[in-house]
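Have a look at the structure below before the remarks.
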Amino acid sequence: MKNLKVFKFGGSSVRDAANIKNVASILQSFTGRPILIVVSAMGKTTNALEEVVAAQAARNGKALEILNSIKEQHYQIMSELFDPGDEVFAAVNDHFVTVEWVLEEEPHENYDYMYDQIICVGELVSSTIMAAYLNKAGLPTSWLDARDVILTDDIYREGWVQWDETVEKAKAKALPLLEKGGFVLTQGFIGSTTENATTTLGREGSDYTAAIFSFCLDAEDMTIWKDVPGVLTADPRLFDNVVKLDRLSYREAIEMTYYGAKVIHPKTIKPLQNKNIPLFVKSFIDPKGEGTLISSDVEDHYPPMVALERNQALVYISTRDFSFVAEHHMSVLFTHIANLRLQVNMMQNTAISFVVCVNDIDDKVDRFAQHIQGDFKVLIDRNLELITVRHAQPAVLENLRKGKILLMEERTKDTVQMVVKNVQVVDWKEVG
Ligand code: ADP
Ligand code: ASP
Ligand code: MG
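Okay, here's the thing in structure tokens:
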């Protein structure tokens, strides 16, 4: 669609009433043109909902209690934005009731399925509240259920987009709303199977949703509104002396985000690159700031950039019968890795051994080990960090290694990667 902009507002930009008002004031300056807005759940709602799911699965009787406190937080925010009789209260309540029904039943045997049916309420209520507030603020906005557009396979918690169907649905459902005029607002992170079961796209997946809509509707550009001025050379929460990058190629962006630069979800770049749609990363605190432009224009010089990914595991695998790993076993190992959707970050092999560094989330690494234990000796080293440095300089690397034990390293032309363990400083002084 000509002139279409896609905006994504993440959890921190809509975390409370003041921030919701701030989003409305940013949008005020974009009235009169087609804008599709994607919002995440407010603040840390998704983390809290994960506790609801865990409590339900554990049958510990706490699920409803946790859900009620999430509900309370939302009602508190709504009471700061709307009159008591506003119909938004009933609409939000309806979404929560759907989850209450799930909680009344026995925990579903498929944890991931149950997770998606519960977790989606975070985005459903935040988008309901945001759309209602924009309408109240005089910015006509249509609410769109992303599950009517984004079709995925049935791998819950990590649905893969069915692109042809999604493109078709986006044109059928979102375009008419956009053509009507006003904003269209939808949820990040959620989709649905062809059987109408809710799925999610993986944690922090709202950026990806915005990119899916941008791709399907041929957006002119996409903007992610963040609490930072743009993409920085490293996470400011972890490193000092970071600087903003004014421009970045798709290539740089995809390499850094794949290895843990949390500012953009790694799957976001591909759909945009495929259609050459520029991506802006801007600050919702300073919306006039220039931000970072990510596009196909290649900058030939970058400063050193660092991404740090925690919760890494090194899985050491060796053959029991001394057969060569590379000749006989790689395809079997990778079949398991692919089936589990395990993210491989680094790997090395010798004659009879294979070491792989993977994201250690949920119980995937244990499941991987269970599958292969019969044929291989398996050792797992957990709680590791993966440090990825692009355009490294020796002093930067030296600094990064301080206080760490280096377990594995790999160097290519532009990238140095290290799997490290933090040196434990044990305070042995007796207490008392
Ligand atoms: P959202 O509200 O959209 O969910 P997030 O909190 O997930 O936003 O992402 C923004 C955070 O990403 C920033 O506050 C920052 O700490 C972190 N971050 C990590 N790496 C970078 C980077 N290279 N540049 C900027 N921010 C980064
Ligand atoms: N709310 C989801 C999460 O916290 C998706 C997102 O914020 O992007 O993971
Ligand atoms: Mg986020």
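In this text, residue positions in the sequence shown follow our numbering: the first is 15, and each later residue adds one.
A virtual CB, placed ideally from N, CA and C, is assigned to each residue, including glycine.
Best match in the options for proximity to residue i [C-alpha to C-alpha]
{"i": "Ala68", "options": "Asp300, His405, Ser337 and Pro121", "result": "Pro121"}
{"i": "Leu356", "options": "Gly216, Tyr147, Met432 and Leu246", "result": "Gly216"}
{"i": "Ala340", "options": "Pro318, Val320 and Phe368", "result": "Phe368"}
{"i": "Asp108", "options": "Asp314, Tyr127 and Gly136", "result": "Gly136"}
{"i": "Leu138", "options": "Gln201, Ala104, Val163 and Lys22", "result": "Gln201"}
{"i": "Ile375", "options": "Val358, Lys391 and Phe390", "result": "Val358"}
{"i": "Val434", "options": "Trp239, Asn397 and Asp380", "result": "Asn397"}
{"i": "Leu191", "options": "Glu94, Ser156 and Leu354", "result": "Ser156"}
{"i": "Leu414", "options": "Ile394, Val370, Ser345 and Pro318", "result": "Pro318"}
{"i": "Val392", "options": "Gln431, Ala409, Glu114 and Val370", "result": "Val370"}
{"i": "His342", "options": "Ala31, Gly417, Phe390 and Lys258", "result": "Phe390"}
{"i": "Glu123", "options": "Val320, Leu347, Arg73 and Met144", "result": "Arg73"}
{"i": "Ala224", "options": "Val312, Val410 and Val53", "result": "Val53"}
Check: residue i C-beta below 8 Å from any heavy atom of the ligand ASP
{"i": "Ser54", "result": "yes"}
{"i": "Ser206", "result": "no"}
{"i": "Phe229", "result": "no"}
{"i": "Asn413", "result": "no"}
{"i": "Phe203", "result": "yes"}
{"i": "Asn61", "result": "yes"}
{"i": "Glu120", "result": "no"}
{"i": "Asp221", "result": "yes"}
Residue j beta carbon less than 9 Å from that of residue i
{"i": "Lys183", "j": "Leu165", "result": "yes"}
{"i": "Ala160", "j": "Ile204", "result": "yes"}
{"i": "Gly7", "j": "Ala55", "result": "With the chain represented from 15 up to 446, any question about residue 7 goes unanswered, as that position is not in the structure."}
{"i": "Lys35", "j": "Tyr125", "result": "no"}
{"i": "Thr208", "j": "Cys134", "result": "no"}
{"i": "Gly244", "j": "Asp260", "result": "yes"}
{"i": "Phe23", "j": "Ile49", "result": "no"}
{"i": "Lys16", "j": "Met236", "result": "no"}
{"i": "Gln325", "j": "Asn290", "result": "Just to set this straight, residue 325 is Asn in the shown sequence, not Gln. No, these two residues do not count as a Cβ contact at 9 Å."}
{"i": "Val106", "j": "Thr59", "result": "no"}
{"i": "Ala248", "j": "Val242", "result": "no"}
{"i": "Leu63", "j": "Ile51", "result": "no"}
{"i": "Asn250", "j": "Ile268", "result": "Just to set this straight, residue 250 is Pro in the shown sequence, not Asn. No, they are not a contact pair."}
Assigned secondary structure, residue i (DSSP; H/G/I helix, E/B strand, else coil)
{"i": "Phe368", "result": "strand"}
{"i": "Val20", "result": "strand"}
{"i": "Gly136", "result": "helix"}
{"i": "Val358", "result": "strand"}
{"i": "Val445", "result": "At Val445 the pLDDT is 45, less than 50, meaning the model places this residue with poor confidence and gives no usable figure here."}
{"i": "Gln407", "result": "coil"}
{"i": "Met236", "result": "strand"}
{"i": "Arg12", "result": "The structure shown does not extend to residue 12, since the chain is modelled only from 15 to 446, so the question has no answer here."}
{"i": "Arg425", "result": "strand"}
{"i": "Val437", "result": "coil"}
{"i": "Arg265", "result": "helix"}
{"i": "Leu117", "result": "helix"}
{"i": "Ala383", "result": "helix"}
{"i": "Gly196", "result": "coil"}
Closer than 8 Å: residue i CB and nearest the ligand MG heavy atom
{"i": "Gly244", "result": "no"}
{"i": "Glu218", "result": "yes"}
{"i": "Ser297", "result": "no"}
{"i": "Gly274", "result": "no"}
{"i": "Ser39", "result": "no"}
{"i": "Gly75", "result": "no"}
Near the ligand ADP: residue i beta-carbon under 8 Å from a heavy atom
{"i": "Asp241", "result": "yes"}
{"i": "Asp389", "result": "no"}
{"i": "Asp311", "result": "no"}
{"i": "Ala321", "result": "yes"}
{"i": "Lys378", "result": "no"}
Interface flag, residue i vs chain C, CB-CB below 9 Å
{"i": "Gly46", "result": "In the structure shown, chain C does not exist; there is a single protein chain."}
Inset, instruction - Take every Cβ of the segment 285 to 301, pair it with every Cβ of the segment 350 to 368, and state whether three or more of those distances are shorter than 8 Å. - result: no
Inset, instruction - Pair every Cβ in the segment 104 to 123 with every Cβ in the segment 71 to 83, then say whether three or more of these pairs are closer than 8 Å. - result: yes
Inset, instruction - Flag this pair as touching only if the segment 401 to 419 and the segment 328 to 338 have three or more C-beta atom pairs under 8 Å; answer yes or no. - result: no
Legend entry - Given 8 Å, three or more beta-carbon pairs between the segment 424 to 438 and the segment 337 to 351: no
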